[in-house]
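Read through the structure below, which is laid out as structure tokens, and then see the notes.
There are 2 protein chains.
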Amino acid sequence: MKLLGVVLPLFLLAASHLCSAEDAVAARLIHILRPKFGSAGTGAKMKGVSCSSWQLAVETDNLRDWSTIPAGCESYLGHYMLGGRYRNDSRVVADSAVEYALSLQRFHRNTDIWIFDVDETSLSNLPYFSQHGFGVQPYNKWRFGKWVMKGAAPPLPETLRLYKVLVSVGIKVVFLTGRTAEYRNATVYNLKKAGYHTWEKLILRSANQGGTALQYKSEVRARLERGGLRIVGNIGDQWSDILGSPEGERTFKLPDPMYYIS
Amino acid sequence: MKLLGVVLPLFLLAASHLCSAEDAVAARLIHILRPKFGSAGTGAKMKGVSCSSWQLAVETDNLRDWSTIPAGCESYLGHYMLGGRYRNDSRVVADSAVEYALSLQRFHRNTDIWIFDVDETSLSNLPYFSQHGFGVQPYNKWRFGKWVMKGAAPPLPETLRLYKVLVSVGIKVVFLTGRTAEYRNATVYNLKKAGYHTWEKLILRSANQGGTALQYKSEVRARLERGGLRIVGNIGDQWSDILGSPEGERTFKLPDPMYYIS
Chain U
1114 MKLLGVVLPL FLLAASHLCS AEDAVAARLI HILRPKFGSA GTGAKMKGVS
1164 CSSWQLAVET DNLRDWSTIP AGCESYLGHY MLGGRYRNDS RVVADSAVEY
1214 ALSLQRFHRN TDIWIFDVDE TSLSNLPYFS QHGFGVQPYN KWRFGKWVMK
1264 GAAPPLPETL RLYKVLVSVG IKVVFLTGRT AEYRNATVYN LKKAGYHTWE
1314 KLILRSANQG GTALQYKSEV RARLERGGLR IVGNIGDQWS DILGSPEGER
1364 TFKLPDPMYY IS
Chain X
1114 MKLLGVVLPL FLLAASHLCS AEDAVAARLI HILRPKFGSA GTGAKMKGVS
1164 CSSWQLAVET DNLRDWSTIP AGCESYLGHY MLGGRYRNDS RVVADSAVEY
1214 ALSLQRFHRN TDIWIFDVDE TSLSNLPYFS QHGFGVQPYN KWRFGKWVMK
1264 GAAPPLPETL RLYKVLVSVG IKVVFLTGRT AEYRNATVYN LKKAGYHTWE
1314 KLILRSANQG GTALQYKSEV RARLERGGLR IVGNIGDQWS DILGSPEGER
1364 TFKLPDPMYY IS
């Protein structure tokens, strides 16, 4: 899985960047490896519950406060993340968000913003997680921090597409992330490299800020609104990104079966 | 599909009631028909989007205000609803709700309530929808009303299990439904027949009450809280059952890919 973990995300997340000789080699490798990946079916089980039922319960916020994915579901989720379904599921969310954004007849260039979460929303850490069991390994702050510092995460192409539409129609973008302030430079570097060239604000968490992500993000959104901004849209992969008043006028939940943030 | 529509829900939703000679005949038929049903895979498509991606987008509230399921997904959803996945997905939700309910150390017998939606939560209209394309046909108020008047809907067994746990530990149940007052008697009859023998309140909508289901249900919950009740849990199949302040201390979303209520 390690090799696939390195190679496939490049293909899946940055196919448009396949331009160098190295990438061409990777592409051929992928062509050989690709048939091993499919939908994984719905039969994989953990404790009598199918992995697909577990996944749906996670995506609908019925299962909360879990720390790692069920051990029996690593292969299922690997197939899900790399085999096309993750991208397809994300695409429908982005399509829906783009349709909504384009339907906004009157918006105010100075005050209307759209909030983007960063990890597993704007940027994808699949290259990291594919090497760490897709969430079956407990979260390792040090190791993940090292990965973040590289600034090497590819964009989630669906979110980048939404971002470009918003920029083109004049809705401002605010990145709001649970990443702490020490990662500001790496995050700026990574976002630009991934294709997010401009934004209104990039809001990181201060290291000493307590409370859940839900509380933190709700408070920031409330502050933005008190400052006169109108949150027309809000997209994230965690329910803690998009629940908690004020949520924004319309929220969008991207799939993320790999980890849970409360 | 018509024959299966009549026979299979009896098996799937009320297997414990297979006691008469007619039911025994049905059971044999089911045994023959059953192998035709499976997971349906994830490959079914509509407009380039897989039905499973459409379904996930619906279940996560990313797609809203749709009136009928995509025509190309009727077979996929029929398999989903009748082939075991719907039951499995519902089971994980109920398991999670039961675990939460049992974790409530101190609750107040006089004030603590749990809100249950009725259609596709407490009662299943699968026998009806399996004969009407699993949501591919536009909602027909008259025909659906005729079905409701029969009082013949089986329980969703997972919800009935949760209900029994709540009753056994002393948490009171309030049914809150978008069904209008003319269906009170049929609903009382059906709930009791399905195994829901006792409740604190059964709140139906008055025929002239405007607004969305989300507004109506939020207002009712606010009224209940003003009356001194504490909503410890809230379960429904629509996001309009469980969004809108006050939501209840914990909410649970059952699957329902067949229709959308805003």
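Quick note, the sequences are listed as chains U and X, same order. If you count by our numbering, then the first sequence holds residues 1114 to 1375, one letter each, in order. If you count by our numbering, then the second sequence holds residues 1114 to 1375, one letter each, in order. No residue lacks a Cβ here, since even glycine has one placed at the ideal position from N, Cα and C. Just so we're clear, the structure is a prediction, and the values are computed from it rather than from any experiment.
As the crow flies, the alpha-carbon of S1235 of chain X is around 18 Å from that of E1172 of chain X.
In this chain, the alpha helix (DSSP H) harbouring T1272 of chain X covers 1270-1282. A Cβ of chain U is located within less than 8 Å of the beta carbon of F1365 of chain X.
Just so you know, the alpha carbons of E1187 of chain U and C1164 of chain U end up roughly 9 Å apart. The Cβ atoms of T1290 of chain X and D1230 of chain X sit closer than 8 Å to each other. L1176 of chain U reaches chain X at V1205, S1209, counting residues in chain order whose Cβ is nearer than 8 Å. Take the alpha-carbon of V1249 of chain U and the one of R1256 of chain U: they are about 15 Å apart. Looking at the DSSP output, I1374 of chain U shares a beta bridge with no other residue. The beta carbon of T1224 of chain X lies closer than 7 Å to those of G1341, L1342, R1343 in the same chain, with the five residues before and after it left out.
In this structure, U:I1182 is the residue among U:E1212, U:I1182, U:D1178, U:L1169 with its C-alpha nearest to the C-alpha of F1247 of chain U. The three-state reading of DSSP puts R1177 of chain U in coil, since its state is none of H, G, I, E or B.
For the C-beta of S1166 of chain X, the chain U residues within less than 8 Å are, from N- to C-terminus, R1198, N1201, D1202, R1204, V1205. The Cβ of L1169 of chain U sits closer than 8 Å to at least one Cβ of chain X.
A Cβ-Cβ separation of about 30 Å leaves E1295 of chain U out of contact with A1207 of chain U under the 8 Å criterion. Among the bridge pairs identified by DSSP, W1227 of chain U is matched with U:V1286, U:G1346. Residues of chain X whose Cβ lies closer than 9 Å to the Cβ of P1368 of chain U are, in chain order, L1169, T1173.
Less than 8 Å separates the beta-carbon of S1331 of chain U from that of S1358 of chain U. Interface annotation, V1287 of chain U: not in contact with chain X, CB-CB separation never under 8 Å. At a Cβ-Cβ threshold of 8 Å, S1180 of chain U and P1251 of chain U count as neighbours. For M1262 of chain U, the CB contacts under 6 Å within the same chain, skipping 5 residues up- and downstream, are A1299 in chain order. Within the same chain, Cβ atoms closer than 6 Å to the Cβ of T1364 of chain U are found at N1347, I1355, the five residues on either side in sequence being excluded. For L1356 of chain U, the three-state secondary structure derived from DSSP is coil.
Residues of chain X whose Cβ lies closer than 7 Å to the Cβ of V1345 of chain U do not exist; the shortest such Cβ separation is about 15 Å. Taking C-beta atoms as the reference points, S1166 of chain U and V1278 of chain X fail to come closer than 8 Å. Distance from the CA atom of G1197 of chain U to the CA atom of Q1322 of chain U, rounded to whole angstroms, is 37 Å.
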